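Respectively, the protein sequence lines represent chains A and B.
Just so you know, my numbering puts 205 at position 205 of the first sequence, and the rest follows in order with no gaps.
Position in the second sequence (from 1) plus 356 gives the number in my numbering.
Idealized CB from N, CA, C, for every residue including glycine.
Predicted model only: the values in this text are computed from it and were never measured.
Down below is the structure, laid out as structure tokens.
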Amino acid sequence: MRKRITALITVSVIVCMALALLTCLFIPKYMRGIVEGALTAEYYDDKAPHEVIFIGDCELYENVSTVELYRKYGISSYIRGNSQQLVWQSYYLLEDALRYETPKVVVFNVLALEYNEPKSETYNRMTLDGMRWSPSKINAIKASMLPDENMVEYVFPFLRFHSRWQELKATDFKYMFRRDPVSINGYYLRADVRPMETFPDPKSLTDPEFGSNAMNYLQKMTDLCKSKGIDLILVKAPITYPYWYPEWDAQVTSFASENGLTYINYIDKMDEIGLDMTHDTYDGGQHLNVYGAEKFADYFGSYLSENYDLTDYRTVPEVAAIWAEKEDLYNRILEQQLAELEQYGELMNFGKNAIE
Amino acid sequence: MLFVSYEFIAFTIILFVLYYLLPGKWQWPLLLLASYVFYWIANPYYLIYIGTTTVTAFVAGVLMDKAQDRADLSIAAAKKDGTYTSDFKKAAKARAKATKWKILLISMLFNLGILAVTKYTNFVINNINNFLSEANALKAVDILVPMGISFYTFQTVGYLIDTYRGTCKAEKNIFRLALFVSFFPQLVQGPISRYGDLSKTLYEVHKFTEKTFTSGLIRIFWGYFKKVVIADRIITAVTALIGDTETYTGAYVFVAMMFYAFELYCDFTGGIDITIGIAQCLGITVAENFNLPYFSKNIKEYWNRWHITMGSWFTDYIFYPLSVDKNMLKLSKWSREHLGKFWGKRLTVYISAFLVWLATGVWHGAAWNFVVWGLMNFVVIMISQELMPLYEKFHKKFGWKEKAWYGVFEICRTVFLMSLIRMFDCYRDVPMTFKMVGTMFTKYNLNIFTDGSLLNLGLSGSDYIVLAAGLVIILAVSIYKYRSKKDIREVLFDRPWLWYGAMALLLVITLVFGAYGHGYDATQFIYNQF
Chain A
1 MRKRITALIT
11 VSVIVCMALA
21 LLTCLFIPKY
31 MRGIVEGALT
41 AEYYDDKAPH
51 EVIFIGDCEL
61 YENVSTVELY
71 RKYGISSYIR
81 GNSQQLVWQS
91 YYLLEDALRY
101 ETPKVVVFNV
111 LALEYNEPKS
121 ETYNRMTLDG
131 MRWSPSKINA
141 IKASMLPDEN
151 MVEYVFPFLR
161 FHSRWQELKA
171 TDFKYMFRRD
181 PVSINGYYLR
191 ADVRPMETFP
201 DPKSLTDPEF
211 GSNAMNYLQK
221 MTDLCKSKGI
231 DLILVKAPIT
241 YPYWYPEWDA
251 QVTSFASENG
261 LTYINYIDKM
271 DEIGLDMTHD
281 TYDGGQHLNV
291 YGAEKFADYF
301 GSYLSENYDL
311 TDYRTVPEVA
321 AIWAEKEDLY
331 NRILEQQLAE
341 LEQYGELMNF
351 GKNAIE
Chain B
357 MLFVSYEFIA
367 FTIILFVLYY
377 LLPGKWQWPL
387 LLLASYVFYW
397 IANPYYLIYI
407 GTTTVTAFVA
417 GVLMDKAQDR
427 ADLSIAAAKK
437 DGTYTSDFKK
447 AAKARAKATK
457 WKILLISMLF
467 NLGILAVTKY
477 TNFVINNINN
487 FLSEANALKA
497 VDILVPMGIS
507 FYTFQTVGYL
517 IDTYRGTCKA
527 EKNIFRLALF
537 VSFFPQLVQG
547 PISRYGDLSK
557 TLYEVHKFTE
567 KTFTSGLIRI
577 FWGYFKKVVI
587 ADRIITAVTA
597 LIGDTETYTG
607 AYVFVAMMFY
617 AFELYCDFTG
627 GIDITIGIAQ
637 CLGITVAENF
647 NLPYFSKNIK
657 EYWNRWHITM
667 GSWFTDYIFY
677 PLSVDKNMLK
687 LSKWSREHLG
697 KFWGKRLTVY
707 ISAFLVWLAT
717 GVWHGAAWNF
727 VVWGLMNFVV
737 IMISQELMPL
747 YEKFHKKFGW
757 KEKAWYGVFE
767 ICRTVFLMSL
777 IRMFDCYRDV
787 PMTFKMVGTM
797 FTKYNLNIFT
807 DGSLLNLGLS
817 GSDYIVLAAG
827 LVIILAVSIY
837 KYRSKKDIRE
847 VLFDRPWLWY
857 GAMALLLVIT
867 LVFGAYGHGY
877 DATQFIYNQF
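Structural data, given as structure tokens:
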């Protein structure tokens with residue numbers, strides 16, 4: 001009997017360990033090419049305090065240089081943003097962030113209001129897998145799941161990614177137990193340039209009203225910030241595609257006014273910001289490159305520092321030391337990209353060319 | 357709730373825990389509750405059907421028992437007061453039999469009527485419309501077909517016939533009968549249990565034992581391995597092959613035929629392994645439904661090894677009663693007198709077998725392809741039987757029968773023949789099946805085996821490797837059983853490291869290589885539709 005129990009326990013332990021190791025191996029690492037899936041988890045590693053937290057989609061994490069905000073104004077900020085981050089995901093990521101800190105300002109990019117329902121399992125996983133387990137994560141998953149998704153596959157990601165044995169790459173082994181940073185406080189840096197192109201004409205809106213689900217979460221976000229004494233700023237990033245309809249703008253303006261919030265549509269201020277879309281975008285005008293992101297950060301940082309009582313962390317040695325490392329990383333990535341651009345004319349280890 | 361779903365696995369785990377935590381007397385009521393919950397989750401309206409079948413079977417069983425008891429009591433009373441005669445006994449028994457027959461007939465017709473109406477109404481309507489050459493002469497009706505209705509109806513009819521024959525006593529507790537009818541692991545795709553067999557362990561108090569529970573568990577893992585690693589992987593190619601009959605002709609049809617043979621085997625036997633494994637974990641013995649069918653040397657043997665409970669159901673409840681029916685005996689006598697010895701021996705057997713195979717085909721589905729499939733089996737079996745003397749002469753002359761290679765040849769021949777007949781199930785269209793099978797012999801595109809064409813069927817090279825490895829594992833285990841006549845579990849259990857090691861390996865392999873979860877369509881078991 002003793003032998004049987006020993007065998008049972010030993011085999012059970014081995015199976016659990018094997019499954020744990022296989023989970024580490026199979027889950028996507030998002031270390032090259034499509035790195036957005038690594039953004040959520042990076043937040044927990046940051047040791048600096050954040051007085052400004054940006055919440056939103058690619059219109060934030062690719063368009064606002066956090067390092068520039070610090071360099072120029074001493075603002076210590078973090079962008080909790082992911083690809084196609086839906087409003088409820090933004091809400092729960094904010095709720096999650098508030099478990100660790102209470103910023104003075106939260107900035108929410110309103111483009112995601114156009115989505116009222118979950119859209120894509122892939123984006124769900126990229127946004128949610130990196131979250132630490134908490135009621136916020138559970139609620140975020142529940143709110144985001146598509147009909148063919150299952151909570152069990154979030155709890156045990158192995159069940160979702162088990163079929164990746166067919167597509168394992170060297171990076172899956174390299175990053176089994178560790179990750180390299182892919183952003184600087186949530187900012188995804190791109191130094192390449194692809195001038196803005198002509199975009200297709202906007203389609204006429206079948207229903208100009210934002211969906212109730214999206215608006216409900218915006219209201220919840222507003223209430224949450226108010227309850228914590230945080231100033232919530234609504235912004236529309238200075239990007240003209242996807243198209244931002246006047247009807248949508250009017251609704252956000254009205255919501256902001258009803259709730260005493262600030263709403264700034266930066267599309268109207270692209271010239272003031274100094275954006276040159278023949279130079280400041282890396283993908284034909286859908287996202288800013290580092291030059292555009294720095295210009296936008298300069299402009300927005302000026303607004304933040306003038307209107308909110310934010311600490312100049314450049315004068316706080318412990319925080320300045322942390323940010324010095326971030327600047328270092330920022331410069332290293334920038335230099336690497338510039339070198340690649342000079343050598344190859346395009347980025348090789350970033351973006352679509354790096355997809356394995 | 358599909359067997360291959362997280363919900364089902366969670367449901368089963370919770371049931372196992374509660375089953376062994378609750379006092380023994382609550383075990384079977386818990387199973388009844390679980391079975392009804394399982395059915396309710398599938399569709400609450402299903403409960404009306406299964407409930408009706410249960411109630412009518414219960415009432416009929418009790419009434420038949422009462423009729424028998426009345427006869428027995430009157431005989432006993434006659435013996436007591438001295439009025440007993442053998443004629444009195446005969447008359448009393450005849451009265452009881454007649455009453456029981458009426459009850460059986462009504463209850464059977466009622467329940468088979470439900471099955472017929474739910475499953476076959478639209479088939480009949482379509483055929484009437486086809487006959488009238490008018491697409492909407494009669495409109496198709498929207499009828500809910502309850503999950504596993506063919507299985508539980510046949511199981512219930514078996515119970516009624518057994519009660520009528522007196523081979524089992526009627527169940528006096530409606531809830532116990534309800535559990536027999538609805539026992540959830542076998543509700544989806546069988547096996548078709550007999551009341552006399554299943555009731556022996558279904559209502560007993562079961563204590564947890566390592567051997568029973570882990571044996572059941574390893575059987576469940578084995579079933580999932582077959583289902584999700586093989587069947588649900590190969591289905592991608594099968595679907596592609598049968599979905600494009602313009603492109604996939606010739607050698608592709610052969611590939612489709614063999615792939616479907618593997619898919620069906622792994623799907624059905626995998627499902628039954630899960631069913632029997634769950635029952636075994638609960639201490640309940642469910643009838644085996646397969647005995648290495650792909651090791652059969654002829655089709656008759658194949659049908660003794662494949663879907664055993666269905667085959668024996670048709671044999672016991674249709675073939676034998678038909679064979680000894682008065683009218684059949686009269687026909688047999690008439691044919692001997694008028695058609696000679698040859699036909700006198702065969703005619704009634706042929707008619708009975710024909711009806712059994714027709715019923716088997718219809719049972720599988722409300723479509724002509726199933727009818728033709730059933731009749732093809734009948735034809736092949738009858739031809740095989742008629743050729744038997746010729747075979748024996750042949751074997752006497754050449755002496756190959758004892759040779760190992762000839763055994764392998766016979767096995768391959770049977771697998772090929774059964775797979776060929778099964779093409780009617782595969783293409784689900786009789787003329788199309790004939791056409792496609794025809795191309796197998798007329799179009800020579802053998803290059804598909806070497807030019808990488810098979811990699812365009814939705815399966816990658818690594819998928820083929822997994823399939824091949826999986827099939828080798830299944831073949832190895834089957835050969836072991838075939839040769840040793842032993843279940844490999846019996847040998848492994850006494851070696852705890854091997855026992856738990858094998859279980860762990862099976863679990864990990866299934867979890868890694870299984871075609872399940874997001875990105876894969878949850879595939880229902882093929883036999884669930886019957």
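Of the residues the options, the one placed nearest residue i, counting alpha carbons only
i	options	result
C225 of chain A	A:T6, A:S90, A:P157	A:S90
L113 of chain A	A:S76, A:W248, A:G345	A:W248
L111 of chain A	A:A214, A:Y44, A:L205	A:A214
A366 of chain B	B:T641, B:A496, B:I634	B:I634
A250 of chain A	A:N265, A:E121, A:E68	A:N265
F444 of chain B	B:H663, B:S430, B:K456, B:V497	B:S430
P238 of chain A	A:H287, A:A97, A:S134, A:Y308	A:H287
K653 of chain B	B:K453, B:I737, B:Y520, B:K449	B:I737
V544 of chain B	B:Y650, B:I470, B:F507	B:F507
F905 of chain B	B:N647, B:L377, B:F577, B:V718	Nothing can be reported for residue 905 of chain B: it is not among the residues displayed for chain B, which extend from 357 to 886.
G870 of chain B	B:V847, B:A825, B:V473, B:D843	B:A825
S227 of chain A	A:N259, A:I14, A:L8	A:N259
G380 of chain B	B:A432, B:N733, B:F564, B:A858	B:F564
S775 of chain B	B:N812, B:R851, B:K837, B:A612	B:A612
Closer than 7 Å at the beta carbon, the chain B residues around residue i
i	result
V11 of chain A	Y856, G857, A860
N22 of chain A	Checking the sequence, you will find Leu at residue 22 of chain A rather than Asn. In chain order: V868.
Q166 of chain A	S816, S818
A18 of chain A	V864
Distance CB(residue i)-CB(residue j) smaller than 8 Å
i	j	result
Y61 of chain A	S136 of chain A	no
L371 of chain B	I574 of chain B	no
T557 of chain B	N467 of chain B	no
Y154 of chain A	I141 of chain A	yes
T368 of chain B	V584 of chain B	no
P118 of chain A	S144 of chain A	yes
I586 of chain B	L827 of chain B	yes
A427 of chain B	A454 of chain B	no
M131 of chain A	S83 of chain A	no
G572 of chain B	C637 of chain B	yes
A723 of chain B	R778 of chain B	no
H562 of chain B	E149 of chain A	no
T770 of chain B	I655 of chain B	yes
M796 of chain B	V609 of chain B	yes
Proximal residues of chain A, C-beta to C-beta of residue i below 7 Å
i	result
Y616 of chain B	Per Cβ cutoff of 7 Å: no residues; Y616 of chain B is ~23 Å from chain A at best.
W853 of chain B	A7
Y783 of chain B	Correct list: empty, because the minimum Cβ distance to chain A is about 29 Å.
Cross-strand partners of residue i (DSSP beta bridge)
i	result
S77 of chain A	A:V52
Y187 of chain A	A:I184
L234 of chain A	A:F108, A:Y263
L288 of chain A	A:T281
Proximal residues of chain A, C-beta to C-beta of residue i below 8 Å
i	result
V393 of chain B	Those do not exist, as V393 of chain B stays about 19 Å from chain A at its closest Cβ, beyond 8 Å.
H874 of chain B	E121, D148, E149, N150, E153, R160
L863 of chain B	V15
E566 of chain B	R4
Neighbouring residues, chain A, relative to residue i (Cβ below 9 Å)
i	result
Y362 of chain B	N150, M151, V152, E153, L159
**Message:** Count Cβ pairs between the region 301-316 of chain A and the region 326-344 of chain A that sit closer than 8 Å; are there 3 or more?
**Reply:** Between the region 301-316 of chain A and the region 326-344 of chain A, the count of Cβ pairs shorter than 8 Å is below three; the stretches do not touch.
**Touching by the beta-carbon criterion (3+ pairs, under 8 Å), the region 404-421 of chain B and the region 506-525 of chain B** = yes
**Message:** Three or more C-beta pairs under 8 Å: does that hold for the region 641-649 of chain B against the region 664-679 of chain B?
**Reply:** yes
**Prompt:** Within the chosen definition, does the region 35-44 of chain A reach the region 287-297 of chain A through at least 3 CB pairs nearer than 8 Å?
**Reply:** no
**Message:** Between the region 481-501 of chain B and the region 515-533 of chain B, can you find at least three pairs of beta-carbon atoms closer than 8 Å?
**Reply:** no
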